[in-house]
Amino acid sequence: MKRGHPYIDVFRKGSITMEKAVQTSQRTDQELSSVQFLTITAAFVALTYIFTAFINVKLPIAANGGLIHLGNVPLFIGAILFGKKTGAIAGGIGMGLFDLLSGWTLWAPFTLIIVGIMGFTVGKLTEDPRHQNMKWYVIAIAAACVIKVAGYYIAEVIIYGNPLAPVSSIPGNLVQIGVAAVIVLVVITPLNLAARKTGLKKQL
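Here it is in structure tokens:
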């Protein structure tokens, strides 16, 4: 039985060991990244729900009772900092959960879709490193505003069967996004820097 040169055998064994170590390291990094994604996304789902449920003003003039809240603040921040998936999940589930638990059950499916698309859109438009600036933040939030106004208008037409009644909700939706935009644009730069310094944004 032929045997290879001892040095060659050692080299081969070392290469195999290194390959296994690299594969193990890659799996560990992927698992860590997945855990971080789930943890951060869950945190933004909770924040979106809290900001929607506890920081709001009802508008009796709107067709559906109306509600101005700050749930869009963590939604936009999560989408800009951590991407379209976090934005979509935080928005859709966070605000959808509020609808389910606060007597707005009929609106939950619409909210899940509309706000989920809002979060996805903001994250998608700002995920390119070249788009990490105020210009694109404004564009992304403006796009989300259009989606919100159009989406909820259609939802109200479906629910109430009246194309005119939903018009009264549009000013409230515009104010809601406008207030959130001002807050987000003020805090997003320092939060972005903090996320990079802690390594969260790079790893996600």
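Using our numbering, the final residue of the sequence shown is 200, and nothing's skipped along the way. For each residue, glycine too, the CB sits at the ideal point set by N, CA and C. Everything numeric in this text was worked out from a predicted model, so none of it was measured.
Query, Result
"Considering Cα atoms alone, identify which of Ala86, Leu63, Thr37 and Ala190 is closest to Trp103.", "Leu63"
"Using beta-carbon positions only, say whether Gly67 and Met91 come within less than 8 angstroms of one another.", "yes"
"Check whether the region 156 to 173 and the region 116 to 126 are in contact - that is, three or more C-beta pairs closer than 8 angstroms.", "no"
"If you check the beta carbons only, do Val145 and Leu170 fall under 8 angstroms apart?", "yes"
"Ile110 to Gly147, Cα distance in whole Å?", "6 angstroms"
"Could you pull out every residue in the same chain whose Cβ sits closer than 6 angstroms to the Cβ of Thr122, ignoring the five residues on either side in sequence?", "Ile76, Trp132 and Ala136"
"Taking Cβ to Cβ, would you say Ala49 is nearer than 8 angstroms to Ser98?", "yes"
"In angstroms, rounded to a whole number, what distance separates the CA positions of Ile179 and Ile155?", "32 angstroms"
"Roughly how many angstroms lie between the CA atoms of Ile89 and Thr44, to the nearest whole one?", "9 angstroms"
"Hey, would you say Ile113 sits closer than 8 angstroms to Thr37, going by beta carbons?", "no"
"Below 6 angstroms CB to CB, which residues in the same chain sit around Gly87 once its five sequence neighbours on both sides are set aside?", "Leu71, Val111, Gly112, Met114 and Gly115"
"Taking the Cβ atom as the reference point for each residue, do Ile220 and Ala151 lie within a distance shorter than 8 angstroms?", "Given that the chain is displayed from residue -3 to residue 200, the structure contains no residue 220 and the question cannot be resolved."
"Go ahead and label Thr194 buried or exposed: buried means 16 or more other beta carbons lie within 10 angstroms of its beta carbon, across all protein chains shown.", "exposed"
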